[in-house]
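So the sequence shown is numbered by the working numbering: it starts at 724 and just counts up by one.
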Amino acid sequence: MKKFPHWTILSVAFGAFLLPLLGGKISLEAGRISPETSMLQAMLNGQDAPFLTHFFLSLFFFIPLTVTLFTHKISHVVNLRITFWLAMFGACLGASILVTSFPAVTILYVLEWAMMSLAFFAVTLCCGRKQSIIPILSLVAGMTLAAISGILEYRDARVYDPGYRIFALQIGPNQAGAMLAAGTVLALVLALRYERLPRLALILAGILQCFALVLTQSKGAILCLPLGIIAVLIGLLVLKPTKPGTAVAVLLIPLVLTGGMAMAAQKAATAQSGTTAISRLENTGGEAAQSAGFRKLLWVSAIDLTKQRPYGWGLGSFWYESTRPGLVTQTTLAHETFLQLASEASPVAAFSLVAFLGAVVVWGMRGIRKVSPDSQILLVGIFGALAVSVAHNLVDSDMYIFGLGSMVFLFCGAFTASSADSQAPEFIFTLPKVAYGIAAVVLIPLCLSVGIAETFRSRARDAMDHSDRQAMLDNANAALSITFADGEALSLRALANPNEADLVSAAQLHPSPKAYRALADYYLNQGKDQDCYRALDKALERDPNNASALLKYMEAAQKFGNIELATKEANALIATETTPYFTVRSQPEFIPTQTYDARLFLAKQSKSPAEKVKLLESAVMGFIQYRDTTGPVVARNLKAMPNGNFGGEDRNTLETNYRLAIEACKELETLQPTVGLNYQFDPRAEADKFAAALEALNK
């Protein structure tokens, strides 16, 4: 009778199982938690307070790791050549706190990476060579459930959008694709370890994950899948832990079947609607070029930031610093893990992570012929999944997502634990245990305070959406009472109760363009022109093409009677239309309208009817594109979330822009007899269309 696994191994396995189900979100400034949602519900939801969820998940690794460390005098110790690089990597991340302009954000991300690395140490310390398969199988089970969730998600969504891309419980389709590509390789390779029902179950898991991978329509992930398959085929054919024919059949036949099902579904859907679940994969035109172009601009921005400050801008700060080179709008991730790490925590951090991954593979492969065939299959499977994950990190910042980052560390831990030479039983002295205990005593309360503060901020944003100033104030104060250097909480409190002290402190602790625009708004209302201009200069220092800041500058100068300055800022705003910042956007469906507002202002100032008409006509043409492209997207989302904000657009902005367009159309119609020009559109007809869109919005 086989011995039942120790509870510490089961804890690690359960944590691995939950990673694909709860670990797929990232902390953003967009979370909302309603008053009816308890903190426990928010934590288990994993979407609106993700840091608290990630802390909860990390406990399944931390607790068994701690118990094993303090109850065993002799434990499995990883080769120093591996842990050295991981320690170097951690030191670089921690040091980035000293150079960041966003301390709260950097501390949060340092804690996230620390929690992710627990998966590596938990597997290596708690699981031996024979039992390292348990957390890997649990991870595959979790991935399969996420895949099923994604397939059901598509079933519900295809009614209104046949080309819908599934999320499969992740933050985006590309992240879902990264998870499912690695899971497909892992499930199919592990099937070779078993016979009959277990083998069939793992093959079915691989098919489900591969089918869900197709539904993500993630080109990068789908292209990474063959890389993993080729890597494992080479490994299996060289080592021969199983019959070569069996290996080829188990790996390739399920993939061929999945491809056949996808093609059959495509033909059936094309006959009905013309749009299919893989339409995006077939698209090589404008949308694909736009996506690739934006990704390239992010990489160039990350490289430029690294050149500007080789010691880094602070972990997690790419979110705010990405706009400095003036190529892209504010973007959370650089879509390349190693470039983002280089820009945030120095090239040494990126090199250390690469060296750690390389050391894991090199030392894990040593003596691979000495281990049993089952261990060889496991090592080859993990290597294939790790190859897929690392390859996808070259086109996306996957390791910044808790679930995907923990998955990579889990692969490294299981690879190390299953190998012949990567670790050995060693006596652990008291000093390392004391250091670990001190770190735990400091970091656990810090993690709790950061996570709970994030929950209160999400509640404050929900109160803001419902215009509940008191609830907003209470939750912002609650966040400030349990954390420090929280500029975002100060900004939320200042929105509920505008005052200079909070706004100045918020801008100092969290110097985003948004914070400085809020401060400029306050000075604008107070009639302090120079203070207002200084705040906007600060916003433009970090984001030189920020349309909202340039528009605010124009409006402030206009209010203070400085028409010359207002005209200068209006022209500067319009000039951004020729930059990649404007032409290559992360979300092309959301068209910024600030440049059209600038044209309307210049048209009012112009004394030349011809110039006035030219400006008005150009503005209206922009608003028409906005109405036909952005309007339907926002209107559709407003039906589900009436008070929501989508890509910076909400009901108020939509209504305001439609009304401005109607007035501009009327003015063009009035001017037409004077200038005697033929417009590119019928002003009266377009005014009617804007009025109809406005009426439909308010139904």
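From the three backbone atoms N, C-alpha and C, an ideal C-beta is built for every residue, glycine too.
- Query: Near valine 1307, which residues of its chain fall below 7 Å by C-beta distance, leaving aside the five closest residues on each side in sequence?
  - Reply: Gln1013, Gly1016, Phe1017, Leu1020
- Item | histidine 799, DSSP secondary structure in three states | In the structure shown, histidine 799 sits in a strand (DSSP, three-state: E or B).
- Message: Here's the rule I'm using: 16 or more other beta-carbon atoms within 10 Å means buried, otherwise exposed. How should glycine 1126 be labelled?
- Response: buried
- Item | Collapsed DSSP secondary structure at glutamate 679 in the structure displayed | An answer regarding residue 679 cannot be provided, because it is not within the stretch 724 to 1422 covered by the chain.
- Cα-Cα separation between alanine 1158 and proline 743, rounded to whole angstroms: Rounded to whole angstroms, alanine 1158 and proline 743 show a C-alpha spacing of 31 Å.
- Query: leucine 959 and valine 1103 look like a contact to me (Cβ under 8 Å); what is the Cβ gap, rounded to whole Å?
  - Reply: 6 Å
- Query: From Ala814, Gly1354, Cys1255, pick the residue whose C-alpha is nearest to that of alanine 1279; which is it?
  - Reply: Cys1255
- Who are glutamate 1334's beta bridge partners in DSSP? BP columns for glutamate 1334 are empty, so no partner.
- Query: Out of Ala814, Thr847, Ala870, which has the shortest C-alpha to C-alpha gap to leucine 834?
  - Reply: Ala814
- Task: Taking all protein chains shown into account, decide if glutamate 1287 is buried (16 or more other Cβ within 10 angstroms of its Cβ) or exposed.
- Result: Exposure of glutamate 1287 is indicated by the presence of fewer than 16 other C-beta atoms within 10 angstroms of its C-beta.
- Quick one: give me the first and last residue of the alpha helix (DSSP H) that asparagine 768 is part of. 762-768
- Item | Endpoints, alpha helix (DSSP H) assigned at arginine 881 | Taken as a continuous stretch (DSSP letters only), arginine 881 belongs to no alpha helix (DSSP H), as it is neither H nor E.
- Query: Which whole-angstrom value describes the C-beta separation of arginine 1240 and alanine 1270, a residue pair presumed to lie in contact below a C-beta threshold of 8 Å?
  - Reply: Actually they do not touch by this definition, with Cβ atoms about 11 Å apart.
- Task: Classify arginine 1092 as buried or exposed, calling it buried when 16 or more other Cβ atoms lie within 10 Å of its own Cβ.
- Result: exposed
- Under the three-state DSSP convention, the category methionine 724 falls into: Here methionine 724 scores only 43 on pLDDT, less than 50, and its place in the model is too uncertain to base an answer on.
- Query: Okay, do the segment 885-893 and the segment 944-959 touch, 3+ Cβ pairs below 8 Å being the bar?
  - Reply: no
- Going by Cα to Cα distance, which pick from Leu962, Ala1078, Val1051 is closest to threonine 806? The closest CA to that of threonine 806, considering only Leu962, Ala1078, Val1051, is found on Ala1078.
- Item | For phenylalanine 793, the three-state DSSP class (helix, strand or coil) | Helix at phenylalanine 793.
- Segments assigned alpha helix (DSSP H), at least 4 residues, entirely inside the segment 1186-1272: Those alpha helix (DSSP H) runs which fall completely within the segment 1186-1272 and span 4+ residues are 1192-1205, 1210-1219, 1223-1232, 1236-1249, 1252-1265.
- Query: With DSSP run on the structure shown, which of helix, strand or coil describes glutamate 1067?
  - Reply: Shown here, glutamate 1067 sits in a helix according to DSSP, grouped into three states.
- Whole-number beta carbon distance between leucine 892 and glycine 747, since they are thought to touch under 8 Å: 5 Å
- Message: So if DSSP puts phenylalanine 1017 in a beta bridge, which residue, or which two residues, is it bridged to?
- Response: Looking at the DSSP assignment, phenylalanine 1017 forms no beta bridge with any residue, so it has no partner.
- Task: Let me know the secondary structure DSSP gives glutamate 1287 once reduced to three states.
- Result: helix
- Check whether leucine 1325 and glutamate 1378 have beta carbons under 8 Å apart: Not closer than 8 Å, so no.
- Item | Sheet register partners of phenylalanine 1369 (DSSP bridge) | Glu1372
- Message: For leucine 1339 and glutamate 1390, which I take to be in contact (beta-carbon distance under 8 Å), what is that distance rounded to the nearest angstrom?
- Response: 6 Å
- Message: Between which residues of its own chain and glutamate 1264 is the CB-CB distance below 6 Å, once the five residues before and five after are set aside?
- Response: none
- Message: Does the structure place the segment 822-831 close enough to the segment 1030-1038 that three or more beta carbon pairs sit under 8 Å?
- Response: yes
- Query: If you follow the alpha helix (DSSP H) that tyrosine 917 is part of, which residue opens it and which one closes it?
  - Reply: Per DSSP, tyrosine 917 belongs to no alpha helix (DSSP H) and is neither H nor E.
- Message: Taking a contact to mean a Cβ-Cβ separation below 8 Å, would you say alanine 864 touches phenylalanine 785 in this structure?
- Response: Their beta carbons are not under 8 Å apart, which means alanine 864 does not touch phenylalanine 785 by this criterion.
- Query: When DSSP labels each residue in this structure, what does glutamate 1177 get in the three-state scheme?
  - Reply: helix
- Item | C-alpha gap between threonine 1178 and leucine 775, whole angstroms | 8 Å
- Query: From which residue to which residue does the alpha helix (DSSP H) around proline 1311 run?
  - Reply: That residue, proline 1311, is in no alpha helix (DSSP H); it is neither H nor E in DSSP.
- Item | Completely contained alpha helix (DSSP H) runs for the segment 1089-1125, where each covers 4 or more residues | 1096-1115
- Message: One question on the structure: do phenylalanine 1346 and asparagine 1360 come within less than 8 Å of each other, judged by their Cβ atoms?
- Response: Contact: no.
- Task: Would you mind giving the Cβ-Cβ distance between glycine 900 and isoleucine 945, rounded to the nearest angstrom? I have them listed as a contact below 8 Å.
- Result: 7 Å
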